[in-house]
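Please read the structure below before turning to the comments.
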Amino acid sequence: MTSPISHKLAPFLYPEKLVCEGPIAGYASYAEAPHTKTSPAYAQASAGWPPPYHLQNTADFLKTIQAQKQDSLLDIFCVDHESHLTLNYLFGNGFQLSLDFQSDLSVPSLTHLYANANWLECECYDLFGVRFEGHPHLKRLLLYPEFAGHPLRKAYPINKAQPLIPIYA
Amino acid sequence: MREELILSPAEEDLYRSHFHGLLPGQIQLHLGPIDPKLPFPIYFNLILEQRKIIKVSTEIGWSHQGIEKLLEQVSPEQGCEIIRRVNPLCPHIFEHLFRIASGLEGLDLEILKAERRFYYLHFIREILKLLGEHRLILLSEKNFEKFKSKFLNSKRIQKRLSGLGVISHAQALSYGLTGPSLKACQAPYTGDVWSRLVVKLDEISNPDLNTAPEGTLIISRQAGRVRIRTPAFAHAGALSVFLKNADLNDLVLILLSLGLVGTEIDR
């Protein structure tokens, strides 16, 4: 007999079942359902956030950030669009800025403006392989130095083997 | 052994410190990642003069679970179960934010208030345990108002915790700190361990979840990418400021006052 708890733990117990071809049933219905985008919870969550400022040039990017003079940087996160990467910067009072760039190019670092950019940029390098120009010490933050590849890239398979981890057949 | 090969204690100290790139009188201490004193797995490389911390470098990632990658693969309903593992001590606030960002209905605010009360009191009790105040711990379980007034009027605890782990308001903004740590930097508070605990006790008494700054969670829908921005990650990045010039005895007190959890830093 299968208990509900074992059903909840299924993604942890059988990770190979998560890798499927095509859209996942629950995820597809969620994306198409009209009620989700008009629900009051969604409106509440998205209210008060101005639309992000899109840039594609690193020179414009630095000029815009220096002109903004924001107190604090809350977050830097990266999105892999397969053809290119997008870096999203979220500042203290809700100002958002996103930068599209090719994955083999480097991006200017913000460590001279904000202290927490140091770890956030290390995290982007660790998980996406983004190289930041002018960063004092770009290193792997969450994973270990021997780790091969950047796991949050779309091309990285979820069941890829790593050199230091033995494979038990 | 020939006599000229034996160094005097002063010479030996100089030789050793030069070998590790330290100044004379400084020692290097590796603390963690697993240590009975530490509340969660984290690695510190400390440079000490006597017991005073001169320089800190921190390494995280010892409890990394890959939750952001896992959440890409599942539906939002399954994701609610997974995101509770970000912080086992306060799972519902993360679930609440994830639900709102996914277009699902959020949780009851009463659950979140009770959870925050437990979370703050847990770390205050851990600090009191280190200070040997076992009567106050028992009182906190029975009568919160009486406990609060006794805690705030205790000169002994205030003297012990004042001036530890100080951060200025400008530094706190630059490191992206939120919540009680940022509130404790502004007047009338002074940004130390004591003021952080006072702010937390005030927030338990006057729960106002709408104005309290909490962690932010952002979901990029079209790309199928989940990003969890946790307050503990920002606090762990600022540990070099919190621990600078602190006594080695106070390291665990400062860590507990920030309310850090290893899984929340690493996700």
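Residue numbers (numbering that gives the first Met the number 0), protein chains in the order written: chain A, 0 to 168; chain B, 0 to 266.
Where a beta carbon is used, it is the ideal one built from N, C-alpha and C, also for glycine.
Asked, Found
"If the cut is a Cβ gap below 8 Å, which residues of chain A does residue 172 (chain B) touch?", "70, 71 and 91"
"Take every Cβ of the stretch 40-54 of chain B, pair it with every Cβ of the stretch 235-246 of chain B, and state whether three or more of those distances are shorter than 8 Å.", "yes"
"Let me know if residue 31 (chain A) comes out buried or exposed under the rule of 16 or more other beta-carbons within 10 Å of its beta-carbon.", "Any reading at residue 31 (chain A) is ruled out, since the residue's pLDDT is 31, under 50, leaving its predicted position unreliable."
"Comparing the C-beta of residue 95 (chain B) with each C-beta of chain A, is any distance below 8 Å?", "no"
"What in chain B is Cβ-close to residue 115 (chain A), meaning under 8 Å?", "173, 174, 175, 233, 236 and 237"
"Using a Cβ cut-off of 8 Å (strictly closer), state whether residue 68 (chain B) contacts chain A.", "yes"
"Please compile the residues from chain A whose C-beta is within a distance smaller than 8 Å of the C-beta of residue 265 (chain B).", "141"
"Give the residues of chain A in contact with residue 272 (chain B), contact being defined as C-beta atoms less than 8 Å apart.", "Beyond the ends of chain B as shown, which are 0 and 266, falls residue 272 (chain B); an answer cannot be given."
"Can you look up residue 170 (chain A) in the DSSP assignment and give me helix, strand or coil?", "Residue 170 (chain A) lies beyond the stretch modelled for chain A, which goes from 0 to 168, so this question has no answer here."
"Would residue 63 (chain B) pass as an interface residue toward chain A - the criterion being a Cβ-Cβ separation below 8 Å?", "yes"
"Tell me whether residue 78 (chain B) is buried or exposed, calling it buried when 16 or more other Cβ atoms sit within 10 Å of its Cβ.", "buried"
"Quick one, which of B:25, B:27, B:63 and B:21 has its alpha-carbon nearest residue 41 (chain B)'s?", "B:63"
"For the stretch 24-112 of chain B, list the beta strand (DSSP E) runs that are entirely contained and at least 3 residues long, ordered along the chain.", "25-30, 42-48 and 51-58"
"Hey, is the stretch 221-239 of chain B in contact with the stretch 74-83 of chain A, meaning 3+ C-beta pairs nearer than 8 Å?", "yes"
"At least one CB of chain A closer than 8 Å to the CB of residue 210 (chain B): is that the case?", "Because the pLDDT at residue 210 (chain B) is just 46, under 50, the model does not fix this residue reliably, and the point stays unresolved."
"Take every Cβ of the stretch 121-131 of chain A, pair it with every Cβ of the stretch 176-196 of chain B, and state whether three or more of those distances are shorter than 8 Å.", "no"
"Starting from residue 137 (chain A), trace the alpha helix (DSSP H) both ways and give me its first and last residue.", "Per DSSP, residue 137 (chain A) belongs to no alpha helix (DSSP H) and is neither H nor E."
"Going straight from the alpha carbon of residue 61 (chain B) to that of residue 80 (chain B), what length do you get?", "22 Å"
"Classify residue 134 (chain A) as buried or exposed, calling it buried when 16 or more other Cβ atoms lie within 10 Å of its own Cβ.", "buried"
"Reducing DSSP to helix, strand and coil, say where residue 162 (chain A) ends up.", "coil"
"With DSSP as the reference, identify every bridge partner of residue 87 (chain A), one or two as the case may be.", "A:76 and A:97"
"Among the candidates B:23, B:102, B:262 and B:87, whose CA atom is the shortest distance from the CA of residue 74 (chain B)?", "B:102"
"Between residue 151 (chain A) and chain B, is there a C-beta pair that is closer than 8 Å?", "yes"
"Can you tell me whether residue 141 (chain B) is buried or exposed? The criterion is at least 16 other CB atoms within 10 Å of its CB, across all chains shown.", "exposed"
"If distances are taken between C-alpha atoms only, which option among A:145, A:154, A:157 and A:155 comes closest to residue 163 (chain A)?", "A:145"
"Looking at the secondary structure, which residues open and close the beta strand (DSSP E) in which residue 107 (chain A) lies?", "105-107"
"Quick one: is residue 72 (chain B) buried, meaning 16 or more other Cβ sit within 10 Å of its Cβ, or exposed?", "buried"
"Expressed to the nearest angstrom, what Euclidean distance is found between the alpha-carbon atoms of residue 181 (chain B) and residue 59 (chain A)?", "32 Å"
"Indicate whether residue 106 (chain B) and residue 121 (chain B) have their beta-carbon atoms separated by less than 8 Å.", "no"
"Which chain B residues are close to residue 157 (chain A), counting only those with a beta carbon under 8 Å from its beta carbon?", "68 and 72"
"In the DSSP output, which residue or residues are listed as bridge partners for residue 246 (chain B)?", "B:51"
"When we look at the beta-carbon of residue 6 (chain B) and count the other beta-carbons within 10 Å, is it buried (16 or more) or exposed?", "exposed"
"Please classify residue 166 (chain A) as buried or exposed, where buried requires at least 16 neighbouring CB atoms within 10 angstroms.", "exposed"
"Below 8 Å between beta carbons: does that hold for residue 192 (chain B) and residue 160 (chain B)?", "yes"
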